[in-house]
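Engineer: Every number in this note's numbering is 25 more than the matching position in the sequence shown, counting from 1.
For every residue, glycine included, the Cβ atom is placed at its ideal position computed from N, Cα and C.
Every value quoted in this text rests on a predicted model; they were computed, and no experiment measured them.
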Amino acid sequence: MHERIHTGEKPFQCSQCEKTFPRSGDLKSHERIHTGEKPYHCSHCEKSFTQFGSLKMHKRIHSGEKPYHCSKCGIAFSRLNVLKMHERIHTGEKPYHCSQCGKSFRQLTGLKRHMQMHSGEKSNTCSHCGKSFLRLSTLKSHEHIHTYKEKLYQCSSCGKRFTQLEALIMHDRTHTGGDKTYHCSQCGKRFNWLRHLNKHERIHTQEEKTYHCSQCGKTFSQSEDLKSHEKIERLCSDLSF
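(1) Per DSSP, which residues does S73 bridge with? Please list them.
(2) Using a 10 Å radius around the Cβ and a threshold of 16 neighbouring Cβ atoms, would you call F266 buried or exposed?
(3) In terms of residue numbering, what span does the alpha helix (DSSP H) encompassing I100 cover?
(4) For the putative contact between T188 and H169, defined by C-beta atoms under 8 angstroms, what is the C-beta separation to the nearest angstrom?
(5) Which same chain residues, not among the five before or five after C238, have their C-beta less than 8 angstroms away from its C-beta?
(6) With respect to the alpha helix (DSSP H) encompassing T163, which residues constitute its N-terminal and C-terminal limits?
(7) Note down the Cα distance separating Y93 from H55, rounded to an integer number of angstroms.
(8) Go ahead and label H225 buried or exposed: buried means 16 or more other beta carbons lie within 10 angstroms of its beta carbon, across all protein chains shown.
(9) Output the residue ranges of the alpha helix (DSSP H) runs that lie fully inside the stretch 75–146 and measure 4 residues or longer, sorted by chain position.
(10) Considering only residues of the same chain and omitting the five flanking positions on each side of L105, which have a CB-CB separation below 8 angstroms?
(11) Would you kindly check if the distance between the Cβ of C180 and the Cβ of H196 is under 7 angstroms?
(12) Given H153, which residues of its chain have a CB within under 6 angstroms of its CB, disregarding the five upstream and five downstream residues?
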């Protein structure tokens, strides 16, 4: 039996998918994939497994056992394959390569997610509205929109709820008033929002007046001001007839 390791002989064949194995025990274990038989049961949560090795790894969730340690940083893991993936952070190894652009990844899941960008495949679909997303994390964030109960972050001042912590933090500034994080380096004026600061800073530089009126050539620092001006221009033009 040991010699088969060297010869590569695999005399035991699966009748369902024709996959071959060097030992009869390996074949029997494989056949459970087709039959659905799960003879190994967890005594803690009653979850079942097709292989004893899978049960053994599962039990570490309950025991907290993490026998595999990283020699570089000491972090412990419950599974050897997870340790191997972690070690690539230290070695820089990226064995999974994109056939389209050559980009490399430490994990196969990272490559699969990247490949969706090339194919345009959006396999993560919202059950509420049918909108699809490339990433599962983006779908999860989107789904919060549909359910008020999932707005976990609540303002202590007015009770308004938000799906994201960042949104709550920005909202809080409307109550504090004095907490204006963004300040102008030219005049010292402070703002709650970065976009408001960016808009304000255009006042100090003539060259940043980038919005031009096609009728008279007058320039404006903000698109809203240009739109208002153009409305007046059109009105004056209409009245002249």
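Structural biologist: Here's the rundown:
(1) H66
(2) Its pLDDT being 44, under 50, F266 is placed unreliably in this model, and the value from its coordinates should be taken loosely. Result: exposed.
(3) Neither: I100 is in no alpha helix (DSSP H) and is coded neither H nor E.
(4) In this structure T188 is in contact with H169, their Cβ atoms being roughly 4 angstroms apart against a cut-off of 8 angstroms.
(5) The residues are T244, F245, L251, H254, E255, E258.
(6) Per DSSP, the continuous alpha helix (DSSP H) segment holding T163 begins and ends at 161–168.
(7) 26 angstroms
(8) buried
(9) As summarised for the stretch 75–146, the continuous alpha helix (DSSP H) elements at least 4 residues long and confined to that stretch are 77–88, 105–116, 133–144, given in chain order.
(10) Y93
(11) yes
(12) H171
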